[in-house]
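Under the working numbering, the first residue of the sequence shown carries the number 2, and numbering increases by one thereafter.
One structure is given here, and the rest of the page talks about it.
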Amino acid sequence: MTANEDMILYWNDVAGSKWVANQARLDRLMAPLSAALLDAAAPRAGEKIVEIGCGCGDVTLQLAALGSGGRITAVDVSRPMLAHAQARHAAMETSAAAGDLASIDWVVADAMNYAFPRDNSLLLSRFGVMFFDDKPRAFANLRAALAPGGRFAFICWRPRAQCEWMQLPLDWVASILPPPEETTGEPGPFGLADDAETVALLTDAGFTDVSADKVDCPLVMGEGATPEAAVHDAMALLGQTGPAARHIAEAEPEPRRAALDLMKARLAERVEDGRVLLEGACWIYSGRV
Numbered sequence: 002m003t004a005n006e007d008m009i010l011y012w013n014d015v016a017g018s019k020w021v022a023n024q025a026r027l028d029r030l031m032a033p034l035s036a037a038l039l040d041a042a043a044p045r046a047g048e049k050i051v052e053i054g055c056g057c058g059d060v061t062l063q064l065a066a067l068g069s070g071g072r073i074t075a076v077d078v079s080r081p082m083l084a085h086a087q088a089r090h091a092a093m094e095t096s097a098a099a100g101d102l103a104s105i106d107w108v109v110a111d112a113m114n115y116a117f118p119r120d121n122s123l124l125l126s127r128f129g130v131m132f133f134d135d136k137p138r139a140f141a142n143l144r145a146a147l148a149p150g151g152r153f154a155f156i157c158w159r160p161r162a163q164c165e166w167m168q169l170p171l172d173w174v175a176s177i178l179p180p181p182e183e184t185t186g187e188p189g190p191f192g193l194a195d196d197a198e199t200v201a202l203l204t205d206a207g208f209t210d211v212s213a214d215k216v217d218c219p220l221v222m223g224e225g226a227t228p229e230a231a232v233h234d235a236m237a238l239l240g241q242t243g244p245a246a247r248h249i250a251e252a253e254p255e256p257r258r259a260a261l262d263l264m265k266a267r268l269a270e271r272v273e274d275g276r277v278l279l280e281g282a283c284w285i286y287s288g289r290v
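Dropping the structure here:
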């Protein structure tokens with residue numbers, strides 16, 4: 002089984018279901034990163050846009066709200082997440098004037114192989130392009146989706162050690178569950194964490210004026226009217242998503258319970274003004290053709 006096939010199975014099984022269940026929490030966590038991506042991409046009403054790894058549709062629906070006349074091709078491998086995105090889109094359409102939204106084509110596909118329309122002016126992705134097992138082939142295919150003069154913007158995680166919300170929960174439970182080795186460069190969350198390698202990869206794929214810009218910002222893990230409620234909210238998220246969640250889920254029952262108890266205690270120390278905040282660290286890669 003290839004890495005791509007493994008990832009497709011993963012996102013159509015437990016991971017996709019967990020992201021759907023935690024959609025509101027994840028949209029909240031990602032909000033400042035989505036804003037940074039959209040600021041870099043500078044989408045305009047009426048554009049033909051491709052979004053890679055659209056997930057539950059958070060960024061897609063923000064693009065649609067730019068106005069009518071445009072077309073968004075929203076691609077993801079996860080059927081449960083895409084179905085949830087489509088349901089959100091339908092609800093949005095019922096509450097908006099008929100002509101106020103750009104059209105969305107929801108596509109279940111592997112972007113590495115999908116035959117995109119070639120007349121798009123913008124290609125963007127929020128954490129959806131780090132999972133390819135054949136990166137040169139994948140990015141050459143994405144490059145072909147852009148018309149001359151088209152541009153792109155991808156936001157991706159920097160190395161795990163720089164990303165507090167990914168690393169710190171693993172550190173907290175390390176006395177019970179030694180952390181897994183970081184796999185920067187391999188298909189997965191940190192597949193494009195090396196900026197020099199990624200800039201070279203994108204340039205070789207045919208993109209020009211490629212740049213890598215750092216984004217650092219606090220991310221809301223949980224919030225609530227009381228410290229206990231904020232910790233409960235954060236545990237609901239971090240207990241199901243992120244590297245620590247997957248690592249803990251693979252443990253035996255007793256160490257798993259101990260690790261979750263320890264994480265809960267550490268999160269309680271991070272509550273401030275009703276919120277649990279941990280830092281996120283990303284790259285925004287951008288350029289044009």
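Positions of the beta carbon are idealized from the N, C-alpha and C atoms, including for glycine.
Rank the options by C-alpha distance to the C-alpha of residue i and give the top, closest one.
{"i": "L193", "options": "G129, F153, P149", "result": "G129"}
{"i": "A339", "options": "E52, N13, I177", "result": "Nothing about residue 339 can be reported from this structure: the residues present for the chain run from 2 to 290 only."}
{"i": "L278", "options": "E251, A16, D234, T61", "result": "D234"}
{"i": "G267", "options": "A25, W166, D214", "result": "It should be pointed out that residue 267 corresponds to Arg in this sequence rather than to Gly. The option with the nearest alpha carbon to R267 is W166."}
{"i": "E187", "options": "K215, G223, D135, G225", "result": "D135"}
{"i": "P244", "options": "P160, D217, W284, A231", "result": "P160"}
{"i": "A116", "options": "E255, D14, P179, A146", "result": "A146"}
{"i": "P33", "options": "R127, R80, L83, A88", "result": "R127"}
{"i": "F191", "options": "P180, R152, A162", "result": "A162"}
{"i": "A110", "options": "L10, Q241, G288", "result": "L10"}
{"i": "T184", "options": "T227, A42, S287, M131", "result": "M131"}
{"i": "S287", "options": "D214, K19, R257, H90", "result": "D214"}
{"i": "L64", "options": "M93, H248, M8", "result": "M93"}
{"i": "A86", "options": "I249, M236, V21, L124", "result": "V21"}
{"i": "L220", "options": "L83, V200, C164, T199", "result": "C164"}
{"i": "L292", "options": "T227, V15, L39", "result": "Only positions 2 to 290 of the chain appear in this structure, which leaves residue 292 out of reach."}
{"i": "V15", "options": "D210, G275, R89, P81", "result": "P81"}
{"i": "N13", "options": "A42, L30, A84", "result": "A84"}
{"i": "F153", "options": "Q168, P118, L203, P179", "result": "L203"}
{"i": "W158", "options": "S35, G275, D77, M8", "result": "S35"}
{"i": "G151", "options": "Q168, A201, P118", "result": "P118"}
{"i": "P44", "options": "A230, L125, G225, P228", "result": "L125"}
The alpha helix (DSSP H) spanning residue i covers which residue range?
{"i": "I156", "result": "Here I156 belongs to no alpha helix (DSSP H); instead the beta strand (DSSP E) covers 147-158."}
{"i": "D59", "result": "59-65"}
{"i": "D262", "result": "254-269"}
{"i": "A245", "result": "244-250"}
Classify residue i as helix, strand or coil using the three-state DSSP reduction.
{"i": "A206", "result": "coil"}
{"i": "R127", "result": "strand"}
{"i": "I177", "result": "coil"}
{"i": "N23", "result": "coil"}
{"i": "L238", "result": "helix"}
{"i": "P44", "result": "coil"}
{"i": "S1", "result": "With the chain covering 2 to 290 only, the question about residue 1 has no answer from this structure."}
{"i": "L30", "result": "helix"}
{"i": "S35", "result": "helix"}
{"i": "A226", "result": "coil"}
{"i": "P118", "result": "coil"}
{"i": "L220", "result": "strand"}
{"i": "D172", "result": "helix"}
{"i": "S69", "result": "coil"}
Ignore the nearest five residues each way along the sequence and tell me which others in residue i's own chain have a CB closer than 6 angstroms to its CB.
{"i": "D28", "result": "D59"}
{"i": "Q24", "result": "C57"}
{"i": "A75", "result": "E52, C55, T61, I105, W107"}
{"i": "I249", "result": "R257, A260"}
In chain order, what residues of the same chain have a beta carbon less than 7 angstroms from the beta carbon of residue i, not counting five sequence neighbours either side?
{"i": "R144", "result": "A206, G207, F208, V290"}
{"i": "A66", "result": "L102"}
{"i": "L263", "result": "W173, V174, I177"}
{"i": "F295", "result": "Because residue 295 is not part of the residues shown, which for the chain are 2 to 290, the question remains open."}
{"i": "V232", "result": "G223, K265, L268, A269, V272, V277"}
{"i": "D195", "result": "T185, G186"}
{"i": "A42", "result": "L123, L125, A154"}
Between which two residues does the beta strand (DSSP E) harbouring residue i extend?
{"i": "A282", "result": "276-289"}
{"i": "V76", "result": "72-77"}
{"i": "S96", "result": "First-last for S96: 80-96, but that is the alpha helix (DSSP H), not the beta strand (DSSP E)."}
{"i": "D52", "result": "For the record, residue 52 in the displayed sequence is Glu; it is not Asp. Run containing E52: 49-53, per the beta strand (DSSP E) assignment."}
Thinking residue i and residue j are a contact (beta carbons under 8 angstroms), I'd like their distance in whole angstroms, please.
{"i": "R26", "j": "L238", "result": "5 angstroms"}
{"i": "E55", "j": "I156", "result": "The question names Glu, but residue 55 in the sequence shown is Cys. Rounded, the Cβ-Cβ distance is 13 angstroms, inconsistent with contact."}
{"i": "I105", "j": "I73", "result": "5 angstroms"}
{"i": "D217", "j": "E280", "result": "6 angstroms"}
{"i": "S79", "j": "G17", "result": "4 angstroms"}
{"i": "G225", "j": "G275", "result": "6 angstroms"}
Please go through the same chain and pick out, in chain order, the residues whose beta-carbon is closer than 8 angstroms to the beta-carbon of residue i, but skip the five residues on each side of it.
{"i": "A37", "result": "I156, V216, C218, C283, I285"}
{"i": "D120", "result": "K49, A148"}
{"i": "A46", "result": "L67, G68, S69, G70, G71, A103"}
So is the beta-carbon of residue i under 7 angstroms away from any non-hydrogen atom of the ligand PLP?
{"i": "A84", "result": "Questions concerning the ligand PLP fall outside what the structure shown contains, since it holds no ligand whatsoever."}
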